[in-house]
Amino acid sequence: MSSGNVDFEQFRVFLEKTCGILLGSNKQYLVSSRLNKLMEQNGIKSLGELVQRVQGVSRGGLREQVVDAMTTNETLWFRDTYPFEVLKGRVLPELLKANPNQRLRIWSAASSSGQEPFSISMAIDEFERSSLGQLRAGAQIVATDLSSSMLTACRAGEYDSLAMGRGLSQERLVRYFDQKAPGRWAVKPAIRSRVEFRPLNLLDSYAALGKFDIVFCRNVLIYFSAEVKRDILTRIHATLKPGGYLFLGASEALNGLPDLYQMVQCSPGIIYKVK
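No gaps in the numbering here: position 133 of the sequence shown is 1404 in our numbering, and each next residue is one more.
Written as structure tokens, this is what we have:
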């Protein structure tokens, strides 16, 4: 095995141990494209040298920048559409009927650049506007991500025209955003105020988050091994209240764990209800 391949294998081990992401053996190009600039800025000549630099550091600085670079993914507003329609048309009315005076708590478990939790907040507003029901006690959306730089950007709630063009209708743009400058928009305070952003590694404990009625864990499990995925889904179950719902990504399936979750067909889409 060449030294380059050895370095890559060491990096794969580091990344899986740090944040659970399982890189395929054919992902050398992805690693290079995401880390080249960072390595250049820090005068690091090889992936092996980078691994040596970050392995002995528990957090902060270069280690955090490396994880940020490898875990930051582009996302869309109202991604796949159906989860937000199912949320408004089925899940919210059901939960509201069961607990009319209880504050709704929703967890967006991989908030990335903030589009998912803000889309959930907009969907709640649309639900209330449609006269299907009013959340008398309000709703709290806890949005977590591994990347501290992403979370900082999310809290600002500002997006450029490229991000705004990905899945957002003109009607929602006008209703839910204020233009701050040419080509730059900010999420309106009423939508932003429902969302609280917190740092969290999905490999760590969820105990401090409390209990939820709904968990969105979409398009993140695909990066984990089967064993880590099972562990995460088992621990998410422990955060969900009886009768709560789990939303997974369109290409993700909940294989196994039949004692914990019941599959619910929604046409289109599938969601999972706590047993």
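For every residue, glycine included, the Cβ atom is placed at its ideal position computed from N, Cα and C.
Sorting R1469, L1517 and A1509 by C-alpha distance to the C-alpha of N1490 places L1517 at the top. The straight-line gap separating the alpha-carbon atoms of Q1336 and S1419 is approximately 9 Å. Residues L1492 of the same chain have their beta carbon placed closer than 8 Å to that of K1500, with the five preceding and five following residues left out of the count. In the DSSP annotation of this structure, the continuous segment of the beta strand (DSSP E) that includes G1514 starts and ends at L1511 to L1519. In the three-state reduction of the DSSP assignment, K1298 falls in the coil class. C1425: member of the alpha helix (DSSP H) spanning S1419 to A1427, first to last residue. Within its own chain, the residues whose Cβ lies closer than 8 Å to the Cβ of R1407, once the five positions on either side in sequence are excluded, are P1371 and N1372, listed in chain order. For D1339, the uninterrupted alpha helix (DSSP H) segment begins and ends at G1332 to T1342. Beta-carbon to beta-carbon, F1483 and T1510 are separated by about 5 Å, close enough to satisfy the 8 Å threshold. Assignment of P1371 by DSSP, reduced to helix, strand and coil, places it in the coil class. With a beta-carbon spacing of about 29 Å, S1382 and F1279 fall beyond the 8 Å limit used to define contacts. In the three-state scheme derived from DSSP, where H, G and I count as helix and E and B as strand, A1524 is classed as coil. Proximity of the stretch 1437-1450 to the stretch 1344-1353 meets the contact definition, three or more beta-carbon pairs being nearer than 8 Å. Setting aside the 5 residues that flank it on each side, H1508 is surrounded in the same chain by L1531, each with a C-beta closer than 6 Å to its C-beta; the list follows chain order. Put simply, of D1475, F1282, C1488 and Q1299 the residue whose alpha carbon is nearest the alpha carbon of L1321 is F1282. C-alpha of Y1430 to C-alpha of I1541: approximately 30 Å in a straight line. Residue range F1448 to A1452 is occupied by the beta strand (DSSP E) that includes A1452, with no alpha helix (DSSP H) assigned at that position. F1483 is bridged by DSSP to L1511. Secondary structure of D1351 (DSSP, three-state): coil. Its Cα nearest to that of K1359, the residue G1404 stands out among G1404, A1427 and M1310. Here I1412 is not near V1458, since their CB atoms are 8 Å or more apart. Residue state for I1541 is assigned as strand, using DSSP reduced to three classes.
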